[in-house]
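What follows is one structure encoded as structure tokens, with my remarks underneath.
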Amino acid sequence: MRYAEVSVNSLVAQRRTFSYAIPSGLSIEVGQAVWVPFGEKILQGIVLEISPYPAVEETREIIDVIEPHPLLSPAQVMLARWISEHYLSPLFDAVALMLPPGFERKALTFVSITPNPDARVLSSLSPEQRQVFVLVQKQGKIGLKELEKRLGKKKAQTSVTQLVGRGLAVRSYELEPVKISPKRVPYLRLNVAVSQAREMAAKLREKRTIKQANLLSFLAEQSEPVPWTEARQKTSCEKSVADALCRKGLVIFQQIEVKREPISYQDITPTSPLKLTAAQQLAFNSIRDAIHRVKAQPNVFLLHGVTGSGKTEIYLQALAETVKLSKRGIVLVPEIALTPQTIERFASRFPHRVAILHSKLSPGEQFDEWQRIKDGEFDVVIGPRSALFAPQPELRLIVLDEEHEWTYKQQDKSPRYHARDVAIKLAELTGAVVILGSATPDVATYYHTRQGDYCLLQLLERVVPIEKSPLPQVEVIDLRDELKAGNRSIFSRSLAHATTKAVASGEQVILFLNRRGGATFIQCRSCGFVLRCRRCEVTLTHHFAEDVLVCHQCNYKTPVPQICPRCSSRQIKFLGIGTQKLEQEASSTLPQARMLRWDSDITKRKESHKEILGKFRAHRADILIGTQMVAKGLDLPRVTLVGVVSADTSLNLPDFRAGERTFQLLSQVAGRAGRGPLGGQVIIQTFSPEHYAIQAAAKHDYASFYDKEIGYRRQLRNPPFTQLALLTYSHTNDALCQRESEKMRGRLIEERDAKGIAELNLIGPAPAFFHRLRGRFRWQIILRGTELPAFLSPIPLPQGWTIDIDPVTLL
Ligand code: ADP
Ligand code: ZN
Ligand code: ZN
73 MRYAEVSVNS
83 LVAQRRTFSY
93 AIPSGLSIEV
103 GQAVWVPFGE
113 KILQGIVLEI
123 SPYPAVEETR
133 EIIDVIEPHP
143 LLSPAQVMLA
153 RWISEHYLSP
163 LFDAVALMLP
173 PGFERKALTF
183 VSITPNPDAR
193 VLSSLSPEQR
203 QVFVLVQKQG
213 KIGLKELEKR
223 LGKKKAQTSV
233 TQLVGRGLAV
243 RSYELEPVKI
253 SPKRVPYLRL
263 NVAVSQAREM
273 AAKLREKRTI
283 KQANLLSFLA
293 EQSEPVPWTE
303 ARQKTSCEKS
313 VADALCRKGL
323 VIFQQIEVKR
333 EPISYQDITP
343 TSPLKLTAAQ
353 QLAFNSIRDA
363 IHRVKAQPNV
373 FLLHGVTGSG
383 KTEIYLQALA
393 ETVKLSKRGI
403 VLVPEIALTP
413 QTIERFASRF
423 PHRVAILHSK
433 LSPGEQFDEW
443 QRIKDGEFDV
453 VIGPRSALFA
463 PQPELRLIVL
473 DEEHEWTYKQ
483 QDKSPRYHAR
493 DVAIKLAELT
503 GAVVILGSAT
513 PDVATYYHTR
523 QGDYCLLQLL
533 ERVVPIEKSP
543 LPQVEVIDLR
553 DELKAGNRSI
563 FSRSLAHATT
573 KAVASGEQVI
583 LFLNRRGGAT
593 FIQCRSCGFV
603 LRCRRCEVTL
613 THHFAEDVLV
623 CHQCNYKTPV
633 PQICPRCSSR
643 QIKFLGIGTQ
653 KLEQEASSTL
663 PQARMLRWDS
673 DITKRKESHK
683 EILGKFRAHR
693 ADILIGTQMV
703 AKGLDLPRVT
713 LVGVVSADTS
723 LNLPDFRAGE
733 RTFQLLSQVA
743 GRAGRGPLGG
753 QVIIQTFSPE
763 HYAIQAAAKH
773 DYASFYDKEI
783 GYRRQLRNPP
793 FTQLALLTYS
803 HTNDALCQRE
813 SEKMRGRLIE
823 ERDAKGIAEL
833 NLIGPAPAFF
843 HRLRGRFRWQ
853 IILRGTELPA
863 FLSPIPLPQG
873 WTIDIDPVTL
883 L
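Letter by letter, the sequence shown follows residues 73 to 883 in the numbering used here.
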């Protein structure tokens, strides 16, 4: 007898597997999906291990396989286990990341008659049992639901159990079917013989109905039905022309099912590799060697280079190198909707060999794409963080573009994984090469290159020579001076002047304001002093209800001061403006300019990213106002001015990554200006012009930013020198949250002392930055130490708690 360790699709399973016996005659492999009995239920499970011994004494048997072939590769099985252990997530949540879309469904029970039923047993059936037997026999196989509908639930279930018990019938299980609606498109074809069509075309031409004649002749030349869109394009006719021919009975529309192509290749011209610059070549050589496994270590590369330095070209050529070896790649992008240019470049270099995964596809389409990937139809899969789990066979290359982006961390649901760390783990398990690309690498990533864990490759200059496209000039405006000069507008004199001038010259302007500008912080308008917690260095937040200032890390509370602790001014202000307010002010400052706002309130609809960008690119607006979305990789040559309305909104967040975040945002936004021959200028407004993150961003100087930042991290014992874990409890009752959190703190301290761990800080409990979210209160405990998953693993987390290992934000 062999046994299987199965990850079961049940909430109570948590992080463990269950042992099942493998019945003889059932062929089971690691990674296979199976039906297993679980209490009274039949559930889905995935086999993670096969062994000659069961882990427990009493085992039940696996009922059946769900799919004949394994769904997960052995490497994926190990990856799922690692994710569950590292992020302390339920095992099946980790496994589910790798299952085909729509796989998690209910089991449907079917009943059929056993071959050659025993005549003696048959003759002993009650009339009721016989009725059921005959019914099932007539159908061959029948759903239990169907039987229940015909006979009543009770009668159907009892009879089936009795028939199965007597060996006359068997049950089998299938997944509820997915509702897939295949995509159909209209095709046009002739409804008459070719010769007749030609004759008619000639007649139409005589009658000077030229467009109908053209369309008809075109169709007469085709051997097969033609997609309507193609016919329309090639003959430049409208729908009414085709309709007219339809009415005359000459042509006919037909709906034909098509295999959906994830990318429209119509407007894409194939490209070939560019000749690499010397700097690119140097970087590429190291990557190529790793892909060919000339050198085994390290296999993680940080490709550090400003926007336009040629990183994407290196990804493309690395992939070509991979394909040469009959291997494949996965490319992750921070957000599909914001990266159309990257996707187009891959599609044009590898026509029809690119799979795109994103949530806009219907479940059926996602399933289709998953299956085609598994069948090896694509050289590369491109998608957001979840694309990392695509069943790409023969994986040899993983690219994370803009590796510093926080969207790579799944925050809203379990498992709360970071795609960068998981990618590196997957590479370790499969021997793949990882390229992390960024203009502003995550401080932790850069630190790893300094430690020799990853290999640093640098592209110091833009590919287009410096004279033609220099990095833009950055001017930092001290908003305190503006106030002293009596200017209370959110536009400094410089920014107002530059904006007016640019708009008047027919150029375009981007005004950037971090979305989180709504977050409150308290600042002295005279000297710029921001109130911070003395213990944690983070900004204090105003709580309206109690009218006090609170530290969201340690729950330190203090009354709102009447005068500034530094300069004794009475100008203490609660700050926070959003993009809407900005739009209002901009309109009154510049009444002649055409505005366009771009933030998540506006882009809920499907195509709106494209629409807004299209509008702006077509110069149907002069000023684009937006949140961090405008900072992403857009190439807008007419933009000559980028104004950062307030650099302080991200700088003053109560989070130790606030400096890093600000540097990244400012660098990215600054990169938007001067992308065309007109050159560019950036204006950053701030109350803290001396802050190192702002200074470094203004000078496009990553190295000096990194040196400062890593120094602070070391000093304050923050990552990458330690690890963090964030425990959050949420409930509708605030007092209960506090009690539960205190209890958990006690439990954690007990564990820490029992294990004698000195280097473990517990911070909090305290209300979360977003104390109340969707009607629920949230309290947090932050742990700072090393090897936190191992420490936390044995501590049971009651319902209401969530856990986030290596959180990207503490808010
Ligand atoms: P990044 O990904 O760092 O922003 P890209 O790869 O997009 O940089 O390159 C910036 C621009 O330079 C693109 O228009 C690209 O086509 C072009 N480019 C990149 N490498 C070369 C090269 N070796 N020769 C000529 N043009 C190049
Ligand atoms: Zn504090
Ligand atoms: Zn002051």
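Where a beta carbon is used, it is the ideal one built from N, C-alpha and C, also for glycine. Small disclaimer: the values here were computed from a predicted structure and weren't measured.
Residues bridged to residue i (per DSSP)
i, result
"ALA427", "VAL453"
"MET667", "ILE695"
"ALA179", "LEU247"
"ILE801", "In the sequence as displayed, the identity of residue 801 is Tyr instead of Ile. Answer is TRP851, TRP873, bridged to TYR801."
"ILE328", "VAL257"
"PRO515", "The residue asked about is misnamed: residue 515 is Val in this sequence, not Pro. In DSSP, VAL515 forms no bridge with anything."
Straight-line gap, residue i to residue j (C-alpha atoms, nearest Å)
i, j, result
"THR800", "THR858", "19 Å"
"PRO726", "ARG256", "52 Å"
"GLU441", "MET170", "13 Å"
"ARG588", "SER722", "Below a pLDDT of 50, predicted positions are generally treated as unreliable, and ARG588, at 36, falls in that range; no measurement from the model is reported."
"ALA658", "ARG689", "20 Å"
"ALA274", "THR341", "36 Å"
"LEU391", "ILE363", "9 Å"
"ALA768", "ASP720", "15 Å"
"ASP190", "GLU246", "27 Å"
"VAL102", "ARG132", "18 Å"
"ALA742", "VAL754", "6 Å"
"HIS569", "ASP514", "35 Å"
"GLN656", "LYS556", "24 Å"
"VAL208", "PRO140", "26 Å"
"ARG488", "LEU160", "9 Å"
"SER455", "GLN483", "Note that residue 455 is Gly in the sequence shown here, rather than Ser. Each residue's alpha carbon lies about 18 Å from the other."
"LYS485", "GLN294", "53 Å"
"VAL78", "SER123", "11 Å"
"LEU144", "PHE461", "10 Å"
"THR874", "ILE324", "59 Å"
"ASP315", "GLU271", "19 Å"
Own chain residues within Cβ distance below 8 Å of residue i, not counting five before or after
i, result
"LEU98", "ILE134, ASP136, VAL137"
Residue i and residue j closer than 8 Å at C-beta
i, j, result
"CYS636", "CYS596", "yes"
"ALA898", "ARG277", "Lying before the first or after the last residue shown, residue 898 is absent from the chain, which here runs from 73 to 883."
"ILE581", "GLY698", "First, the amino acid is wrong: residue 581 is Val here, not Ile. Their beta carbons are not under 8 Å apart, which means VAL581 does not touch GLY698 by this criterion."
"TYR387", "VAL403", "yes"
"THR512", "SER739", "yes"
"CYS639", "CYS599", "yes"
"PRO861", "ILE835", "no"
"VAL548", "ALA770", "yes"
"ARG400", "ASP451", "yes"
"PHE182", "SER244", "yes"
"VAL108", "VAL149", "no"
"PRO162", "ARG87", "yes"
"ARG425", "THR343", "no"
"GLU814", "PRO837", "yes"
"LEU346", "PHE356", "no"
"PRO412", "THR479", "no"
"LEU662", "THR571", "yes"
Residues near residue i in its chain [Cβ-Cβ closer than 6 Å; skip 5 each side]
i, result
"VAL298", "LEU260"
"VAL128", "SER91"
"LEU471", "Before going further, note that residue 471 is Val rather than Leu in the sequence given. TYR387, VAL403, ILE507."
"LEU380", "A quick correction: the sequence has Gly, not Leu, at residue 380. Around GLY380: ARG534."
"PRO866", "none"
"ASP550", "PRO761"
"VAL395", "ASP451"
"GLY448", "PRO465"
"ALA152", "ALA166, VAL167"
"GLN812", "Per the sequence shown, the amino acid found at residue 812 is Glu instead of Gln. TYR801."
Own chain partners of residue i with C-beta closer than 7 Å, once the 5 adjacent residues on each side are dropped
i, result
"TYR519", "ILE782, PRO792"
"ASN559", "ARG565"
"ASP694", "VAL575, GLN580, VAL581, ALA665, ARG666"
"SER641", "CYS596, SER598, CYS599, ILE635"
"GLN871", "none"
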